[in-house]
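Mapping to full-length UniProt numbering: the sequence shown position 90 is 90, numbers consecutive.
Ideal Cβ placement from N, Cα and C applies to all residues, glycine included.
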Amino acid sequence: MILLCVSKLKRIWQDLQDELKSENVQLPKSMLLNRILNTSPTEYLEFKNAWESVPVNERTVASLTESLRLHEQRLESMKLPHESRSVAFVTKPSTNFTKNQADSAQKEKNRKIKCYYCGRPGHMKRNCYKFKNEGSEKEKEESRKPGQAFMTVV
1 MILLCVSKLK RIWQDLQDEL KSENVQLPKS MLLNRILNTS PTEYLEFKNA
51 WESVPVNERT VASLTESLRL HEQRLESMKL PHESRSVAFV TKPSTNFTKN
101 QADSAQKEKN RKIKCYYCGR PGHMKRNCYK FKNEGSEKEK EESRKPGQAF
151 MTVV
């Protein structure tokens with residue numbers, strides 16, 4: 001997959017170089033190397049980091065292509081064992097409450113509860129939106145109050 005992209009980029013690069021030859025302009029190979037690395041998928045992030053540790057004078061298109069080919073093979077071999085095996089799970093019927101049943105039971109209990117802060121039914125003070133909002137406003141006011149700062153001059 002990545003090798004197809006690399007070969008396409010090489011072809012485009014060569015066409016661009018041919019066009020620029022008539023103008024006596026030549027682009028550095030590092031631009032092609034950077035373009036190849038920047039168009040690679042996120043799975044190649046570790047590879048990009050490793051490639052950056054290669055000395056600049058040893059970075060060539062051929063060595064990059066070969067390294068990408070090897071990395072792609074490793075990625076494919078890591079995926080194969082997981083995809084090739086099939087796993088069957090055996091389940092038994094359960095008499096336990098499901099999540100929805102437990103949630104509905106909790107909601108039923110909450111309807112009977114009355115908040116001591118705002119007086120509304122359905123929640124407790126610790127979950128009260130009014131209490132939380134007023135608490136955060138008090139904290140803001142306290143943080144705005146002038147305080148003391150200790151400084152030392154050396």
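Inter-residue CB distance, A72 and M1 (contact presumed, cutoff 8 Å): Numbered from 1 along the sequence shown, position 72 holds the residue referred to as residue 72. Numbered from 1 along the sequence shown, position 1 holds the residue referred to as residue 1. The sequence shown places Glu at residue 72, rather than the Ala named in the question. The Cβ separation is near 7 Å, so the contact holds.
According to DSSP, residues forming a beta bridge with P121: As a position in the sequence shown, residue 121 is number 121, starting the count at 1. Answer is K114, bridged to P121.
Below 6 Å CB to CB, which residues in the same chain sit around C128 once its five sequence neighbours on both sides are set aside? Here the question's residue 128 lines up with position 128 in the sequence shown. If we look at C128 and ignore the five residues flanking it on each side, its Cβ neighbours are C115, Y117 and C118.
Residues in its own chain within less than 7 Å of L20 by CB, not counting five upstream and five downstream? Your numbering for residue 20 matches position 20 in the sequence shown. Excluding residues within five positions, the ones whose Cβ falls inside 7 Å are Q26 and L27.
R35 versus R74 - alpha carbon distance: Numbered from its first residue, the sequence shown carries residue 35 at position 35. Numbered from its first residue, the sequence shown carries residue 74 at position 74. Each residue's alpha carbon lies about 22 Å from the other.
Where L70 falls, given that 16 or more other Cβ within 10 Å makes a residue buried: Numbered from its first residue, the sequence shown carries residue 70 at position 70. By the neighbour-count criterion, in which a residue is buried when 16 or more other Cβ atoms sit within 10 angstroms of its Cβ, L70 is exposed.
Using a threshold of 9 Å, state whether the C-beta atoms of C5 and T42 are closer than that. As a working note, residue 5 is residue 5 in the sequence shown. As a working note, residue 42 is residue 42 in the sequence shown. Contact check for C5 against T42 fails: the beta carbons are separated by 9 Å or more.
Give me the Cβ distance between L32 and V61, rounded to the nearest whole Å; I'm assuming they're in contact under 8 Å. Start at 1 with the first residue of the sequence shown, and residue 32 comes out as number 32. Start at 1 with the first residue of the sequence shown, and residue 61 comes out as number 61. 6 Å between Cβ atoms; contact.
Answer with buried or exposed for L64, where buried requires no fewer than 16 other C-beta atoms within 10 angstroms of its C-beta. The residue labelled residue 64 in the question sits at position 64 within the sequence shown. Label assigned to L64: buried.
Tell me where the alpha helix (DSSP H) around M31 begins and ends. Your numbering for residue 31 matches position 31 in the sequence shown. Element bounds for M31: K29 to N38.
Roughly how many whole angstroms lie between the Cα atoms of S22 and K79? Reading the sequence shown from its first residue, position 22 is the one you call residue 22. Reading the sequence shown from its first residue, position 79 is the one you call residue 79. Straight-line Cα distance between these residues: approximately 47 Å.
Per DSSP, what kind of secondary structure is N133 in: helix, strand or coil? By 1-based counting over the sequence shown, the position of residue 133 is 133. Helix, per DSSP.
Using the three-state DSSP reduction, which class does R11 fall into: helix, strand or coil? Here residue 11 corresponds to residue number 11 of the sequence shown, with the count starting at 1. In the structure shown, R11 sits in a helix (DSSP, three-state: H, G or I).
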